[in-house]
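**Student:** Counting from 1, position 55 in the sequence shown corresponds to residue 59 in my numbering; the numbering is continuous, with no gaps.
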Amino acid sequence: MTKEEKIQASKKKWRESERGKELNRQGQKRWRESEKGKTYVLQRKYGISLVEYNKLLLLQNYRCKICNRELNLKNPHDIHVDHNCVTGNVRGILCQRCNMALGLFDDDIQKILNAARYVEDTK
Ligand SMILES: [Zn+2]
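Encoded structure:
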């Protein structure tokens with residue numbers, strides 16, 4: 005084994021150790037929550053900049069676009085950039101529950117309307 009191969013094997017062993025995995029997870033979390041990380045993820049996943057994202061939040065008064073609940077800005081799991089899965093266009097920012105609800109209804113307008121009618125008719 006060459007010196008370079010030994011170094012690579014040692015790095016691999018560290019990465020695969022529990023401590024290595026944990027430090028890697030913490031590092032990724034710190035990066036995702038940094039301005040640079042947020043910018044990268046927003047641009048890559050949704051095609052919007054951090055400025056556009058902050059503008060959307062401001063336009064929505066920091067509230068979910070469906071239920072109007074105040075978004076918990078300190079909890080990144082509570083804030084979801086909602087996009088049209090077909091066109092990729094960003095529709096707005098939703099709370100976790102509303103984002104999940106749309107997903108459970110397969111983003112199908114008819115299913116959502118049926119659910120609304122069902123709840124209305126059975127009041
Ligand atoms: Zn909501």
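Ideal Cβ positions, reconstructed from N, Cα and C, are used throughout, including at glycine.
1) Hey, is the region 79-87 in contact with the region 117-124, meaning 3+ C-beta pairs nearer than 8 Å?
2) Whole angstroms are fine: how far does the CA of Leu63 sit from the CA of Tyr57?
3) Taking the straight line between their C-alpha atoms, what separation do you get for Arg23 and Asn118?
4) As an exercise, report each continuous alpha helix (DSSP H) stretch of at least 4 residues that is fully enclosed by the region 14-67, in chain order.
5) For Asp110, does the three-state DSSP call read helix, strand or coil?
6) Using alpha carbons as the reference points, say which of Cys102, Asn76, Asp111, Thr43 lies closest to Val90.
7) Looking only at its chain, what residues have a beta carbon closer than 7 Å to the beta carbon of Asn103, apart from the 5 residues adjacent to it on each side?
8) Determine whether the beta carbon atoms of Lys69 and Leu106 lie at a separation below 8 Å.
9) In chain order, what residues of the same chain have a beta carbon less than 6 Å from the beta carbon of Lys49, not counting five sequence neighbours either side?
**Tutor:** On the basis of the supplied data:
1) Flag = no, the region 79-87 and the region 117-124 do not touch.
2) Residue mapping note: residue 57 aligns to position 53 of the sequence shown, counting from 1. Residue mapping note: residue 63 aligns to position 59 of the sequence shown, counting from 1. Roughly 10 Å between the two C-alpha positions.
3) Counting from 1 along the sequence shown, the entry for residue 23 is found at position 19. Counting from 1 along the sequence shown, the entry for residue 118 is found at position 114. Taken atom to atom, the span from the alpha-carbon of Arg23 to that of Asn118 is near 50 Å.
4) For the region 14-67, whole alpha helix (DSSP H) runs of length 4 or above, ordered along the chain, are 22-37, 39-45, 54-63.
5) Sequence index remark: in the sequence shown, residue 110 carries index 106 (1-based). Note: Asp110 maps to coil in three-state DSSP.
6) Numbered from 1 along the sequence shown, position 86 holds the residue referred to as residue 90. Sorting Cys102, Asn76, Asp111, Thr43 by C-alpha distance to the C-alpha of Val90 places Asp111 at the top.
7) Residue 103 sits at position 99 when you count from the first residue of the sequence shown. Hits under 7 Å: His84, Asp86.
8) Counting from one through the sequence shown, the residue named residue 69 turns up at place 65. Counting from one through the sequence shown, the residue named residue 106 turns up at place 102. Their beta carbons are not under 8 Å apart, which means Lys69 does not touch Leu106 by this criterion.
9) Translated into positions along the sequence shown, residue 49 becomes position 45. Here the set comprises nothing.
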